[in-house]
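Read in order, the letters of the sequence shown are residues 7 to 313 in our numbering. C-beta: ideal position from N, C-alpha, C; glycine also. Read through the structure below, which is laid out as structure tokens, and then see the notes.
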Amino acid sequence: MSELSNALLEEIVSEVRPLTQQGKVADYIPALAGVDADQLGIAICTPDGRCFQAGDAATRFSIQSISKVLSLSVALTLYEEGEIWQRVGKEPSGQAFNSLVQLELEQGKPRNPFINAGALVMCDLLESRLTAPRQRMLEIVRRLAQQNDIHYDRVVARSEYEHSARNAAIAWLMKSFGNFHNDVSKVMETYFHYCSLAMSCQELARTFLYLANHGRTQDNESAVISPRQARQVNALMMTSGMYDGAGEFAWRVGMPAKSGVGGGIVAVIPGDMSIAVWSPALDHSGNSLAGTALLEKLTERLGRSIF
Ligand code: GLN
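As structure tokens, this is what we get:
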């Protein structure tokens with residue numbers, strides 16, 4: 007088995023790089039369609055304060071649905087457990103991330119917080135308790151990533167809003183069932199801004215270290231969520247973080263993970279490390295194709311996963 011090092015990461019990045027030509031870059035908004043597919047990066051952080059990286063690890067990209075883990079985590083700090091889980095489920099959806107079919111069948115209760123419907127409910131919860139949910143999120147990610155210049159990509163956020171028919175349909179359907187309490191456009195604006203956060207693999211690996219460290223930041227400085235909540239978020243990522251590809255991902259990689267259509271994936275080995283990979287071209291489930299292959303190689307070379 008190999009030891010974790012920058013050299014090992016460089017090696018697997020060059021092995022996987024040809025795969026960046028496969029798959030398809032998200033094109034539902036022009037701001038994402040223009041991203042160069044030929045990019046691949048990885049960064050890893052460990053609870054004892056070490057970080058490793060290779061490839062395009064310092065390039066910022068649109069984190070998209072990776073932000074759904076952040077909105078859930080913030081909601082967990084603001085609400086009692088029951089208040090959250092009466093409004094959103096904990097089961098995999100087995101459907102596309104922006105599907106509406108189950109919502110109607112299940113009286114407007116999304117299957118989990120990591121599909122669009124579930125994340126919109128999280129943003130609705132944040133809207134009810136925070137005076138400035140967008141500013142608050144920026145403060146949180148800047149603190150966790152230790153980077154004061156992390157920002158929302160206004161072009162992406164605007165473009166999402168201009169192509170928001172489906173997310174609006176999801177939100178309005180939930181409202182019709184009484185599972186959406188605030189103004190739909192206002193909450194969607196927040197949701198799109200969260201999706202538009204521009205961050206690099208380095209910043210993401212640092213940010214999500216709390217999930218590998220029992221809810222605490224690097225070097226145990228402060229708690230983001232409780233150890234129990236960290237276990238719960240990891241469990242949800244394991245079953246629902248990779249959309250309809252969660253089973254295949256568990257089989258190949260074996261880590262709780264969350265993907266975004268910007269091509270990023272954040273993965274965690276609890277107690278051991280947080281990992282962020284990025285490559286823009288996606289597979290048929292909407293997960294980074296080369297990013298998944300990179301994680302698969304990493305588990306093989308390190309001989310580590312949660313299984
Ligand atoms: N902004 C995208 C959407 O709402 C996020 C989807 C994703 O990353 N899977 O459709």
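Cβ of I50 within 7 Å of Cβ of M279?
For the purposes of this step, residue 50 is identified with residue 44 of the sequence shown, where counting begins at 1. For the purposes of this step, residue 279 is identified with residue 273 of the sequence shown, where counting begins at 1. Yes, the pair counts as a contact, with Cβ atoms nearer than the cut-off.
Measuring from the CB of C129, is there a heavy atom of ligand 1 at a distance below 6 Å?
As a position in the sequence shown, residue 129 is number 123, starting the count at 1. The answer is no for C129.
For ligand 1, is there any heavy atom lying closer than 6 Å to the beta carbon of C201?
Residue mapping note: residue 201 aligns to position 195 of the sequence shown, counting from 1. True, at least one ligand heavy atom lies under 6 Å from that Cβ.
What ranges does the alpha helix (DSSP H) occupy inside the stretch 162-194, keeping only unbroken runs of at least 4 residues that lie completely in it?
171-182
What is the residue span of the alpha helix (DSSP H) that L10 lies within?
Taking the first residue of the sequence shown as 1, we reach residue 10 at position 4. Taken as a continuous stretch (DSSP letters only), L10 belongs to no alpha helix (DSSP H), as it is neither H nor E.
Let's see if you can read the secondary structure: which residues bound the beta strand (DSSP E) around L25?
Here residue 25 refers to the residue found at position 19 of the sequence shown. Per DSSP, L25 belongs to no beta strand (DSSP E) and is neither H nor E.
Tell whether a beta-carbon distance below 7 Å holds between G29 and D189.
Position 23 of the sequence shown, counting from 1, holds the residue named residue 29. Position 183 of the sequence shown, counting from 1, holds the residue named residue 189. Against a cut-off of 7 Å, the Cβ pair of D189 and G29 comes out as no contact.
In the structure shown, what three-state DSSP assignment does Y249 receive?
Translated into the one-based positions of the sequence shown, residue 249 becomes position 243. Helix, per DSSP.
Following a CB-centred definition, is S71 positioned closer than 6 Å to any heavy atom of ligand 1?
Within the sequence shown, the letter at position 65 stands for residue 71. Correct: S71 has its Cβ closer than 6 Å to ligand 1.
Measuring CA to CA, which of L46, A125, E168 and L304 is closest to L242?
Residue mapping note: residue 242 aligns to position 236 of the sequence shown, counting from 1. Looking at the Cα atoms, A125 is the closest of the given residues.
Any idea what DSSP makes of L46, helix, strand or coil?
Residue mapping note: residue 46 aligns to position 40 of the sequence shown, counting from 1. In the structure shown, L46 sits in coil (DSSP, three-state: anything other than H, G, I, E or B).
Identify whether G270 lies in helix, strand or coil by the three-state DSSP scheme.
As a working note, residue 270 is residue 264 in the sequence shown. Of the three classes helix, strand and coil, the one that applies to G270 here is strand, per DSSP.
Taking all protein chains shown into account, decide if V107 is buried (16 or more other Cβ within 10 angstroms of its Cβ) or exposed.
The residue given as residue 107 occupies position 101 in the sequence shown. Classification of V107: exposed, given that the 10 Å Cβ count is below 16.
Kindly give me the distance between the Cβ atoms of V123 and M194, rounded to whole angstroms, as I take these residues to be in contact under 8 Å.
Start at 1 with the first residue of the sequence shown, and residue 123 comes out as number 117. Start at 1 with the first residue of the sequence shown, and residue 194 comes out as number 188. The sequence given here has Ala at residue 123, not Val. Contact flag wrong, Cβ pair sits at about 12 Å.
How about A287 and A43: do their beta carbons lie closer than 7 Å?
Sequence index remark: in the sequence shown, residue 287 carries index 281 (1-based). Sequence index remark: in the sequence shown, residue 43 carries index 37 (1-based). Yes, Cβ-Cβ distance for A287 and A43 is below 7 Å.
Check whether the Cβ of V267 lies closer than 6 Å to any heavy atom of ligand 1, and answer yes or no.
Within the sequence shown, numbered from 1, the residue matching residue 267 stands at position 261. Under cutoff, so the answer is yes.
Cβ separation of L84 and R135, assumed to be a contact under 8 Å, to the nearest whole Å
Mapped onto the sequence shown, residue 84 falls at position 78. Mapped onto the sequence shown, residue 135 falls at position 129. The pair is a contact, with the Cβ atoms about 5 Å apart (cut-off 8 Å).
Under the criterion of a Cβ to heavy atom distance below 6 Å, does E21 qualify as lining ligand 1?
Residue numbering aside, residue 21 sits at position 15 when the sequence shown is read from its first letter. It does not: the Cβ of E21 is nowhere closer than 6 Å to a heavy atom of ligand 1.
Can you list the beta strand (DSSP E) stretches of 3 or more residues lying completely in the stretch 265-312, in chain order?
270-275 and 279-284
Have a look at D54 and P262 and give me their C-alpha separation to the nearest angstrom.
For the purposes of this step, residue 54 is identified with residue 48 of the sequence shown, where counting begins at 1. For the purposes of this step, residue 262 is identified with residue 256 of the sequence shown, where counting begins at 1. For D54 and P262, the distance between alpha carbons rounds to 20 Å.
Does the pairing of the stretch 55-70 with the stretch 194-207 give three or more beta-carbon distances under 8 Å?
yes
Burial state of L111 (16 or more Cβ within 10 Å)
As a first step, residue 111 is located in the sequence shown; it is residue number 105 there, counting from the start. Classification of L111: exposed, given that the 10 Å Cβ count is below 16.
If we count Cβ pairs, one from each stretch, closer than 8 Å, do we get three or more for the stretch 226-234 versus the stretch 253-270?
The count of Cβ pairs closer than 8 Å, one atom from the stretch 226-234 and one from the stretch 253-270, stays below three, leaving the stretches out of contact.
What is the DSSP secondary structure of Q208, counted as helix, strand or coil?
As a position in the sequence shown, residue 208 is number 202, starting the count at 1. Correct three-state label for Q208: helix.
Taking only the alpha-carbon atoms, compute the straight-line gap between L10 and T213 and give it to the nearest angstrom.
Walking along the sequence shown from the start, residue 10 turns up at place 4. Walking along the sequence shown from the start, residue 213 turns up at place 207. Cα to Cα, the separation comes out at about 20 Å.
Mind pulling the beta strand (DSSP E) runs of 3 or more residues that sit fully within the stretch 93-147?
none
In the DSSP output, which residue or residues are listed as bridge partners for M82?
By 1-based counting over the sequence shown, the position of residue 82 is 76. The sequence as given places Leu at residue 82; Met does not occur at that position. Residue pairing by DSSP leaves L82 without any beta bridge partner.
Nearest residue (CA-CA) to L295, options K115, F120, T305 and P24:
In the sequence shown, the residue the question calls residue 295 occupies position 289. Of all alpha-carbon atoms in K115, F120, T305 and P24, the one lying nearest the alpha-carbon of L295 is that of P24.
Looking at F67 and ligand 1, is the gap between the Cβ and the nearest heavy atom below 6 Å?
By 1-based counting over the sequence shown, the position of residue 67 is 61. It does not: the Cβ of F67 is nowhere closer than 6 Å to a heavy atom of ligand 1.
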